[in-house]
Amino acid sequence: MHVLEQLIERAKSVGVSADLIGDDDCVFGYGTSMSQHFWIEDGQYFFGSDERATTRYSNMWTSSPDIASLALIELVGSLYRMAAGYRQINMEYGWHSFPVGWTIQRVVGSSSMRVASDDQPGWSYETHRLDQYLHIPSLTVYPVKTVLDMFFDPEAPPLGTLDQVHNFYARF
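Residue 142 in the numbering used here sits at position 145 of the sequence shown; the count goes up by one each step and never skips.
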C-alpha cells in the first residue's frame, strides 16, 4: 500500500511514532495520545486502538482500498499536522459533513453499523465507532492523492466543499 509508506516516512520525520510490525501492519501514535493500529487480514483493512499484539478487535474495517487509504490519511495525517505544528484541517465530525448518497445501516446480529455509498457499491465500511468514522464519506469527494497532499501541505485549507478546496489551490 503506497499511501502507508508515504505516511510512515512523513510521520517519522516530525516525531510521530510509526512502527511497521509486519507487512501492512502498523502502529501510529504521538506523545501521550492513544496509539492507533492499522492492519490487513484476509482482504480486509482494519483500524483499531487496542494493542494489535493482544487483541484482534477493530473499531473500523473495510474491503475498499480507497476507503482504507482515506481513513489512514485522516488518522496519520492529523497526527502529522499536530506534530509539525500545522493547524488541523479535518472535516467537522458528525452529521454536518455527511454527504448525500451515503447510507448508514445497523448490521443485523452485531453492534456495528455499515456505512455505504449508493453510487459506489465497493465504497463501504463497518464500524463500532460511528462517531469517530462518520466523516470518512466526506473525503471521498476528493481523489486519494489530493487528500494525501492536503494533509502534508502546511497551508492547506480546512477540508470543506470541493469548491472551497479548488478555489484555494487555484491561487497558485
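Glycine included, every Cβ here is placed at the ideal spot set by N, Cα and C.
Checklist line | contact_flag[the region 38 to 48, the region 104 to 121] where n(CB pairs < 8 Å) is 3 or more | finding: Taking a cut-off of 8 Å for Cβ pairs, the region 38 to 48 and the region 104 to 121 do not touch, as fewer than three such pairs fall below it.
Note to self: Tell me the residue span of the alpha helix (DSSP H) that contains His34.
What the structure shows: For the purposes of this step, residue 34 is identified with residue 37 of the sequence shown, where counting begins at 1. Run containing His34: none in the alpha helix (DSSP H); it sits in the beta strand (DSSP E), 33 to 38.
Checklist line | For Ile5 and Ile64, believed in contact at Cβ under 8 Å, the rounded distance | finding: The residue you call residue 64 lines up with position 67 of the sequence shown. The residue you call residue 5 lines up with position 8 of the sequence shown. With a Cβ gap of about 19 Å, Ile64 and Ile5 do not count as contacting.
Next item on the list: Any chance you could list the beta strand (DSSP E) runs of at least 3 consecutive residues sitting entirely within the region 64 to 130, in chain order?
Entry: 99 to 103, 110 to 114, 121 to 124
Margin query: So for Ser14, helix, strand or coil by DSSP?
Written below: For the purposes of this step, residue 14 is identified with residue 17 of the sequence shown, where counting begins at 1. Here Ser14 sits in strand by DSSP.
Check: Going by alpha carbons, who is nearest to Gly74 out of Phe25, Gly106, Tyr130?
Finding: Taking the sequence shown and counting its residues from 1, one reaches residue 74 at position 77. Looking at the Cα atoms, Phe25 is the closest of the given residues.
Next item on the list: Work out the CA separation of Ser55 and Tyr83 for me, nearest whole Å.
Entry: The count along the sequence shown starts at 1 and reaches residue 83 at position 86. The count along the sequence shown starts at 1 and reaches residue 55 at position 58. Taking the CA atoms as reference points, Tyr83 sits about 29 Å from Ser55.
Check: Straight-line CA distance for Asn87 to Gly106?
Finding: Translated into the one-based positions of the sequence shown, residue 87 becomes position 90. Translated into the one-based positions of the sequence shown, residue 106 becomes position 109. Straight-line Cα distance between these residues: approximately 32 Å.
Notebook entry, point to check: Among the residues of its own chain, which have a CB less than 8 Å from the CB of Leu127, if the five just before and after it don't count?
Noted result: For the purposes of this step, residue 127 is taken as the residue at position 130 of the sequence shown. Answer for Leu127: Ile101, Met110, Val112, listed in chain order.
Check: From the DSSP output, which residues share a beta bridge with Gly19?
Finding: Numbered from its first residue, the sequence shown carries residue 19 at position 22. DSSP, once it has assigned bridges, lists Asp22 as partnering Gly19.
Notebook entry, point to check: Skipping 5 residues on each side, what residues in its chain have a beta carbon closer than 6 Å to that of Ser10?
Noted result: Position 13 of the sequence shown, counting from 1, holds the residue named residue 10. Closer than 6 Å at Cβ, skipping near neighbours: no residue.
Check: Using the C-alpha atoms, what's the distance from Gly19 back to Phe35?
Finding: Position 38 of the sequence shown, counted from the first residue, corresponds to residue 35. Position 22 of the sequence shown, counted from the first residue, corresponds to residue 19. Their Cα atoms are separated by approximately 11 Å.
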